[in-house]
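Notes to accompany the following structure.
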Amino acid sequence: MSHLVPFLPIAADETLMSWATRLAALHTGESLVPFLNDIGLPLDDLDKATDAAIDLLAERTGHDPAQLVRNAMRTLEWRRYMLRGEIFMAEFLRGSDTGFCPACLLEDDARGNSRLHRRGRLLWLLRPIRVCPDHELPLIDRPKTDWLDRARQMALIVPETGAQLEALRDSLQARKPAMLQRYVIDRLEGRTGPDWLDGQRIDQAARATEMLGVILAFGTKPNLDLLSPKDWDEAAEAGFPFVARGEMGIREALGLVEERSRTSGTLSRKAGPQQRFGRLYQWLQFSKNRKDPGPIRHAVREYILDTSEVAPGKPVCGEVVVTRRRHSIASLAAETKLHASTLRSLLVSHGLVDDTAARTGGTFDAVEANRIVQPVLQAIPIVRLPGYINASRGQVRQLISAGILPQIDLKLSAQHKYGAQVLGPDADAFLAKLRDRARDVDDVPAGWVSIDVAAQKTRVSTDGIYRMILDGKLKRVVRLGGASAAMRFTSISPRSSPPRPPMSLSRRSPFRRSA
């Protein structure tokens, strides 16, 4: 098949639709649709840049199909597109609006017929491109008014020429493109950028930059619908230096937002993540379209869990929390049932938190807090220990004095004394070891004596007898069982061989727990 002549090359910055429109003007002098009908190419196929459309245009024009593919905004599926290998969702595009730079169109018109030379630029289709990179003028958006506007025939969408187009150009106030815009252009040209941004889809990178920048530039609760293109560029400019440094930079930005809110007095000490991060958090937590926002969600979620007390079971950034990372005095008090003032003194004395932070709702590491608090939760006051192990107060004092039952220091302040304490696990281990050394009986054998009596008869201290039992040096030891007690008690046979006269055990048992 013969090629259309003359040959019209596609410009490097031009859309496939724009080139087809200029082909129509060159070869038929008509608009796009009649030309497409003549060559048998449906407008919908051209709009989606299908393989069939590209192959047909390459065949009819003799153009390199690889160049056509490079300039084609290809539809992969509903609301999902690809340009130069970059895949993105529809929100990355301008939608039905058509952007243009009047200075660029004036340069096109200077070459001749506007229908033949006006080009629709690829960059004008992308939402993050808000300033012409050549003239540093903000792009103008024209809304769709006719179904054929999807062909984006620049001569029809922008009918102004000459003085009218110059007036449009002169009405614009020049400004520098945002760093995000430069990043998007570089990425489409195949150049690499910051690793964190390059590691996600281009639309995810752009939106994360803008949404982080929104709360940096305009506070946590601006009306997003009222932000102008210039405002969005300002947001992008504010966010880019932080996202360029990846998760570390994002955490720094979030800390800065919180610090500003606290300084201004707009952030309460009990503020949740939505109060702290406003529109950014709402976007990540409540987005109705359920599109994956990319790694920004993980970065924000990790920061929240690392700096806030969030209970397991609560959703944060769309994912339910499994393990708590931070506690406040209030949340730890609710969880442990200990008084807040006791907890505050305990944690301050261990250096986990300073007193000011503890009193103003500061948070601290949950694992370390539980480690510090656990002895308090497991501690048994000395006054309750006789009932716990079913021993006399004198026996308890001797067991503690001998170190058989180690006493602990809870490191509470002078205002919050718990008194002497023994860890429950230590008392349980003591009971278990005694249980292993004794044989259960229903009745105390004749002639056997209690530990108290044995101590009196042999003049061996009570703790010495316990030590011999625990060390296995007294072999003939029994424990009086009972249905209502874990262990009722033990006796020592007259045939045992302690260093003093024979002995046996008593009705008083150090094994029974209090009811």
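Numbering (full-length UniProt numbering), first residue to last: 1 to 515.
All C-beta atoms, glycine included, are put in the ideal place defined by N, C-alpha and C.
Just so we're clear, the structure is a prediction, and the values are computed from it rather than from any experiment.
Between the stretch 297–306 and the stretch 231–241, the count of Cβ pairs shorter than 8 Å is below three; the stretches do not touch. Under DSSP, Ile140 shares a beta bridge with Phe100.
The Cβ atoms of Pro128 and Gln200 do not sit closer than 9 Å to each other.
C-alpha of Thr28 to C-alpha of Leu126: approximately 30 Å in a straight line. In this structure the stretch 182–195 does not touch the stretch 273–283; the number of beta carbon pairs closer than 8 Å is below three. Between the beta-carbon of Arg142 and that of Gly120 there is about 11 Å, and that puts the pair past the 8 Å contact cut. Taking a contact as a CB-CB distance under 8 Å, the pair Leu36 and Leu8 does not count as one, their CB atoms being some 15 Å apart. Partner residues in the beta bridge of Glu77, as assigned by DSSP, are Arg80. Close CB contacts of Met82 within its chain, under the 7 Å cut and outside five residues either way in sequence, are with Arg74, Leu76 (chain order).
The DSSP-derived three-state label of Ser261 is helix. A direct Cα-Cα distance of roughly 6 Å separates Pro406 from Ile400. By the neighbour-count criterion, in which 16 or more other beta carbons inside 10 Å mark a residue as buried, Met17 falls on the buried side. Look at the stretch 156–244 and you find these whole runs of alpha helix (DSSP H), each 4 residues long or longer: 162–170, 179–188, 195–198, 202–218, 229–243. Glu86 is bridged by DSSP to Leu83. The stretch 158–169 and the stretch 212–229 do not touch, with fewer than 3 CB-CB distances between them shorter than 8 Å.
Shown here, Asp426 sits in a helix according to DSSP, grouped into three states. In the three-state reduction of the DSSP assignment, Thr342 falls in the helix class. Closest by C-alpha distance to Ile329, out of Ser308, Asp13, Ala454, Lys314, is Ser308. For the set Asp463, Arg344, Gly394, Leu180, the Cα lying nearest the Cα of Ala402 is the one of Asp463.
As far as DSSP is concerned, Gln395 takes part in no beta bridge. Here Arg118 really is in contact with Asp108; their C-beta atoms are around 5 Å apart, less than 8 Å.
In terms of Cβ geometry, Val477 and Arg439 form a close pair [threshold 9 Å].
DSSP, reduced to helix, strand and coil, places Pro273 within a helical segment of the structure shown.
Contact check for Ala369 against Leu347 passes: the beta carbons are separated by less than 9 Å. Note that the stretch 359–379 does not touch the stretch 435–450; fewer than 3 beta-carbon pairs, one per stretch, sit closer than 8 Å. By the Cβ test, the stretch 131–145 is not in contact with the stretch 51–64, since fewer than three Cβ pairs between them sit closer than 8 Å. Between Ser264 and Gly162, the alpha-carbon positions lie close to 52 Å from each other.
Just so you know, the alpha carbons of Gln204 and Trp283 end up roughly 13 Å apart. Nearest C-alpha to Gly472 among Arg479, Val453, Lys433: Lys433.
Straight-line spacing of the CA atoms in Asp186 and Asp198 works out to 11 Å. Collapsing the DSSP output to three states places Ser328 in a strand.
DSSP lists no bridge partner for Arg476. Note on geometry: alpha-carbon atoms of Ala391 and Gly424 lie some 15 Å from one another. In this structure, Ala178 and Glu237 form a Cβ contact; the two beta carbons are roughly 5 Å apart against a cut-off of 8 Å.
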